[in-house]
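Q:
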Amino acid sequence: MVNSLNNYHVYTTWSEVLNGVSLKGKKYLITGANSGLGKESAKAILSHEGYVVLTVRTEEKRQQLIEELSLQFDKTLFDIKLLDLSSLNDVRRFTKAFLLEALKLDGVLANAGIMATDFQTTVDGFEQQFAINHLGHFLLINKLTPCLLKGARVVVMTSGAHRLSNVDLKDPNFTYRAYSRWTAYGQSKSANVLFALEFDRRWKNYNVRAFAVAPGIILDTHLHMHLQHDDFNELAEKQDTNKVPVKSLQAGVATQIMALCHPEFANKGGVFLEHCNYSQINDDTRQGTGVIPWVLDEEFAQKLWQLSEEMVNETFTEDAKLKSEVVYSELAHNRLPQSQKLDLTGIEFKTENSIIELFFDHKTCTVEGFKHQGIFIPSVANYEVVEVRNDLYFIDLLFPENTEITLSITVDFKSNKALFILTQYQPTSLPDKNKPIALKLASHYHQYFTPAVVLTGNNQIDRCEYPFVTSDLIGTRALYCYSNSSPTVYEHIYINSHWYCYNVINGIRKGDGGCDQASYYKFDDSTYIVTWRELLIDLSFVFVYDLDNKTTTGKGWGNISDTNVMINIPAGANIISLNALNYPLNYIPS
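The opening residue of the sequence shown carries number 1 in UniProt numbering; numbering runs sequentially from there.
1. Can you list, in chain order, the residues of its chain whose CB lies under 6 Å from that of Glu-40, leaving out five sequence neighbours each side?
2. Taking the straight line between their C-alpha atoms, what separation do you get for Glu-67 and Glu-534?
3. Check the DSSP bridge columns for Asp-396 and list the partner residues they point to.
4. Touch check for the stretch 133-141 and the stretch 194-204: three-plus C-beta pairs under 8 Å?
5. On a Cα-Cα basis, can you pick out the residue from Ala-97, Pro-245, Leu-260 that is closest to residue 597?
6. Give me, in chain order, the residues of the same chain whose beta-carbon lies closer than 7 Å to that of Leu-100; leave out the 5 immediate sequence neighbours on both sides.
7. Return the chain-ordered list of same chain residues with a C-beta closer than 7 Å to the C-beta of Ser-22, the five sequence neighbours on each side being excluded.
8. Under 8 Å: do the stretch 517-536 and the stretch 367-376 share three or more Cβ pairs, one atom per stretch?
9. Would the beta-carbon of Phe-394 fall within 8 Å of that of Thr-553?
10. Of the residues Phe-98, Glu-384, Gly-107, which one's Cα is nearest the Cα of Ile-257?
11. Whose C-alpha, out of Ser-519, Asn-142, Gln-302, Ser-188, is nearest the C-alpha of Ser-159?
12. Of the choices Asn-173, Ile-405, Gly-269, whose alpha-carbon is the least far from that of Gly-558?
13. When the Cβ atoms of the stretch 85-92 are set against those of the stretch 261-277, are three or more pairs found closer than 8 Å?
14. So, Val-489 versus Leu-473, is the Cβ gap smaller than 8 Å?
15. Expressed to the nearest angstrom, what Euclidean distance is found between the alpha-carbon atoms of Ser-590 and Tyr-583?
16. Looking at the structure shown, is Ser-519 part of a helix, part of a strand, or coil, going by DSSP?
17. Would you kindly work out how many angstroms separate the C-alpha atoms of Glu-36 and Val-17, rounded to a whole number?
18. Counting along the chain, where does the beta strand (DSSP E) carrying Asp-79 start and finish?
19. Whose C-beta lies closer than 7 Å to the C-beta of Thr-476 among residues of the same chain, with five residues either side of it excluded?
20. Would you identify the three-state DSSP class for Asp-432, choosing helix, strand or coil?
21. Hey, how far is the Cα of Phe-195 from the Cα of Ser-180?
22. Which two residues bound the contiguous beta strand (DSSP E) that contains Ile-569?
23. In chain order, what residues of the same chain lie with their CB nearer than 6 Å to the CB of Ile-347, ignoring the 5 residues before and after it?
24. Label Ala-573 either buried or exposed according to how many other C-beta atoms from any shown protein chain fall within 10 Å of its C-beta, with 16 as the threshold for buried.
25. Of all the options Gln-129, Gln-72, Val-386, Ile-218, which has the alpha carbon lying nearest to the alpha carbon of Ala-191?
26. Considering only the beta carbon of each residue, do His-162 and Ile-356 sit closer than 8 Å?
27. Can you tell which of Ala-152, Ile-560, Thr-175 has its C-alpha closest to the C-alpha of Phe-211?
28. If you run the structure through DSSP and keep just helix, strand and coil, what is Lys-243?
29. Give me the Cα-Cα distance between Leu-336 and Arg-177, rounded to the nearest whole angstrom.
30. Which class does Thr-12 belong to by DSSP, given the choice of helix, strand or coil?
31. Using the Cα positions of Phe-449 and Ile-30, report the straight-line distance between them to the nearest angstrom.
32. Can you tell which of Lys-510, Gly-511, Tyr-502, Leu-46 has the C-alpha that lies nearest to the C-alpha of Ala-518?
33. Distance check for Phe-126 and Asp-118, CA to CA, integer angstroms please.
34. Taking just the CA atoms, how far does Ile-569 sit from Leu-307?
35. Within 10 Å of its beta-carbon, does Glu-384 have 16 or more other beta-carbons around it, so buried, or fewer, so exposed?
36. Residue range of the beta strand (DSSP E) that Thr-552 falls in?
Put into structure tokens, the structure is as follows:
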């Protein structure tokens, strides 16, 4: 083929594609990972220190895959979940739970599928090949868009069999036409391409890109095991596959791994790939390679999108990620990475009137002793840890059993100080009349602060002090640079003990400004905790300010989508200090 990429060819393997590529810190979701291409793709990513969430249909397959992968890879680098793409209800169950975990993804591989099956309808009443291969992934990926990081890639697996049939928009379920297993398979594979290219068109401005990938013929999968000799004879009447190269499993996944992970495809998308290359247009349906022109029809892709929305009974607009959500996704670019350094076996804290203990495994944190009157605080949370600087950590806890609270913990093992910040979402809350200014518009968030000392640190307890409320930052000004490539820069002015002002210098919200409710705590002269509750947008924020290294590390959390699901937004910035405000002695704000 022409325009070969990095001298890749039809028999290039995934190990060649990933040669010299580190995936450490990258996170991917792969559907249909219990065998074949999905499992091999997982092994490719795990071999390069990436993290994968894998889906399988049954608990038996889940346990088998756990046992197999555990023999080769670190158990903390993979998670295996149940997902039945034939059920829209189960897809919604899966995505709801996934959103609660707040895991941000660098890529999704829509790999699960079936091929040329006997006619059968799903629990939702759809022809099963169209339902599993297309509709399930259509709903899954659209529902997970809040989890896609800027630069994320979506790879939708198709096949040379897309050349067997376009999508029949009037009768995708074969209600009025005779069923053909290969026509139905071809229809579903054309739908895969049309979906990938339309998804890319809708999301490329947010630097989330999509690819359609045909792996070629790989015999070492279970996809074709149910087919008989007569079934292949039927295929031979429709398409000549004799000239299509047969690949090993390692070569079969090379193209999808290339699209999903290789730096070559950063900021690219909207293309059909096969044999580690760009596919060439080929309008001869008898041939088994090349891309058929009908899947490149943008108007038809939009019609399929509309039909798919009608079938899943849910609408995904072209800016399905709300503007506010897009804005806040820009806040993670300069954030420090998640930490693997802290040995999270157990940490004990002392507050003024209680002992709190945190116990960690590789997935969850168990919280003992932390209580707040009138608020249900579950004992188990999903967590993230970021090392702000040596021995200073930001710990973020989300509770699947109570999605209207989140707990942020800052721990300094050098000074043995800690601060627990419980944020509660209360959309019906009224303005606090005890505040110095009566609010016309109140934040929907309450933040409760619990200072503590660390009992498992290196210093003596009698040398420790609790973090405390501070006015040190009042009157200070700084720029906070959240991203550099397309700069997102905010100016902050801390005007008094209850309020701060912001001015958007650059970014999507450039020219915007306002005031929000704020709180400030001090650990030492270089370490502060700053929180705020937004008024106009339904969000709260918690940040650790490291003034020595000029960084902020923290998160936003709130209800900023029309799905009424709380969204966790990792955030971090580089600080550029500006001249402070100078007040006359008689007019210093408090």
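Glycine included, each C-beta is placed from N, C-alpha and C at the ideal position.
A: So, to answer that:
1. To locate residue 40, count along the sequence shown from 1; it is residue 40. Leaving aside the five residues that flank Glu-40 on each side, the residues in its chain whose CB is nearer than 6 Å to its CB run, in chain order, Leu-249, Val-253.
2. Position 67 of the sequence shown, counted from the first residue, corresponds to residue 67. Position 534 of the sequence shown, counted from the first residue, corresponds to residue 534. C-alpha separation (whole angstroms): 46 Å.
3. Within the sequence shown, residue 396 is the residue found at index 396, counting from 1. Answer is Glu-384, Ser-408, bridged to Asp-396.
4. With a cut-off of 8 Å, the stretch 194-204 and the stretch 133-141 count as touching, because enough Cβ pairs lie within range.
5. Nothing can be reported for residue 597, as the shown portion of the chain is limited to 1 through 590.
6. Position 100 of the sequence shown holds residue 100. So the qualifying residues of the chain are Leu-398, Pro-400, Thr-403.
7. Position 22 of the sequence shown, counted from the first residue, corresponds to residue 22. Contacts found: His-48, Glu-49.
8. Because the criterion of three Cβ pairs below 8 Å is not met, the stretch 517-536 and the stretch 367-376 do not touch.
9. Counting from one through the sequence shown, the residue named residue 394 turns up at place 394. Counting from one through the sequence shown, the residue named residue 553 turns up at place 553. Against a cut-off of 8 Å, the Cβ pair of Thr-553 and Phe-394 comes out as a contact.
10. By 1-based counting over the sequence shown, the position of residue 257 is 257. Closest option to Ile-257, Cα to Cα, is Gly-107.
11. Within the sequence shown, residue 159 is the residue found at index 159, counting from 1. Looking at Ser-519, Asn-142, Gln-302, Ser-188, the one whose alpha-carbon comes closest to that of Ser-159 is Ser-188.
12. Locating residue 558 in the sequence shown gives position 558, where the first residue counts as 1. When each option's Cα is compared against that of Gly-558, the closest is Ile-405.
13. Because the criterion of three Cβ pairs below 8 Å is not met, the stretch 85-92 and the stretch 261-277 do not touch.
14. Within the sequence shown, residue 489 is the residue found at index 489, counting from 1. Within the sequence shown, residue 473 is the residue found at index 473, counting from 1. Cβ distance not < 8 Å, so Val-489 and Leu-473 don't count as in contact.
15. What you label residue 590 is simply residue 590 of the sequence shown in a count that begins at 1. What you label residue 583 is simply residue 583 of the sequence shown in a count that begins at 1. Taking the straight line from one Cα to the other gives about 11 Å.
16. Sequence index remark: in the sequence shown, residue 519 carries index 519 (1-based). Secondary structure at Ser-519: strand, using DSSP grouped into helix, strand and coil.
17. Looking up residue 36 in the sequence shown gives position 36. Looking up residue 17 in the sequence shown gives position 17. Looking at the sequence shown, residue 36 is not Glu but Gly. The alpha-carbon atoms of Gly-36 and Val-17 are separated by roughly 18 Å.
18. As a first step, residue 79 must be located in the sequence shown, where it is residue number 79. 78-82 is the span of the beta strand (DSSP E), which, as asked, contains Asp-79.
19. What you label residue 476 is simply residue 476 of the sequence shown in a count that begins at 1. Contacts found: Tyr-494, Ala-580.
20. Numbered from its first residue, the sequence shown carries residue 432 at position 432. The predicted model places Asp-432 with a pLDDT of 49, which falls under 50 and marks its position as unreliable; any figure quoted below should be read in that light. Collapsing the DSSP output to three states places Asp-432 in coil.
21. As a position in the sequence shown, residue 195 is number 195, starting the count at 1. As a position in the sequence shown, residue 180 is number 180, starting the count at 1. Taking the straight line from one Cα to the other gives about 22 Å.
22. What you label residue 569 is simply residue 569 of the sequence shown in a count that begins at 1. Per DSSP, Ile-569 is one residue of the beta strand (DSSP E) stretching across 567-578.
23. Numbered from 1 along the sequence shown, position 347 holds the residue referred to as residue 347. Correct list, in chain order: Leu-358, Thr-456.
24. Against the sequence shown, residue 573 aligns to sequence position 573. Residue burial annotation: Ala-573 is buried, with at least 16 other C-beta atoms found within 10 angstroms of its C-beta.
25. Your numbering for residue 191 matches position 191 in the sequence shown. If we check each option's Cα against that of Ala-191, Gln-129 comes out closest.
26. Counting from one through the sequence shown, the residue named residue 162 turns up at place 162. Counting from one through the sequence shown, the residue named residue 356 turns up at place 356. Going by C-beta atoms, His-162 is not nearer than 8 Å to Ile-356.
27. As a first step, residue 211 is located in the sequence shown; it is residue number 211 there, counting from the start. Taking each of Ala-152, Ile-560, Thr-175 in turn and checking the Cα distance to Phe-211, the smallest one comes out for Ala-152.
28. Here residue 243 refers to the residue found at position 243 when the sequence shown is read from its first residue. Note: Lys-243 maps to coil in three-state DSSP.
29. What you label residue 336 is simply residue 336 of the sequence shown in a count that begins at 1. What you label residue 177 is simply residue 177 of the sequence shown in a count that begins at 1. The straight-line gap separating the alpha-carbon atoms of Leu-336 and Arg-177 is approximately 56 Å.
30. Within the sequence shown, residue 12 is the residue found at index 12, counting from 1. DSSP places Thr-12 in coil when its eight states are reduced to three.
31. As a first step, residue 449 must be located in the sequence shown, where it is residue number 449. As a first step, residue 30 must be located in the sequence shown, where it is residue number 30. Computed Cα separation, rounded: 39 Å.
32. Position 518 of the sequence shown, counted from the first residue, corresponds to residue 518. Out of Lys-510, Gly-511, Tyr-502, Leu-46, Tyr-502 has the C-alpha closest to the C-alpha of Ala-518.
33. Reading the sequence shown from its first residue, position 118 is the one you call residue 118. Reading the sequence shown from its first residue, position 126 is the one you call residue 126. Straight-line Cα distance between these residues: approximately 13 Å.
34. Here residue 307 is taken as the residue at index 307 of the sequence shown, counted from 1. Here residue 569 is taken as the residue at index 569 of the sequence shown, counted from 1. It is roughly 32 Å from the alpha-carbon of Leu-307 to the alpha-carbon of Ile-569.
35. On the sequence shown, residue 384 is found 384 positions in, with the first residue counted as 1. Residue environment: Glu-384 is assigned as buried (16 or more neighbouring CB atoms within 10 Å of its CB, all protein chains considered).
36. For the purposes of this step, residue 552 is identified with residue 552 of the sequence shown, where counting begins at 1. Its beta strand (DSSP E) spans residues 551-558.
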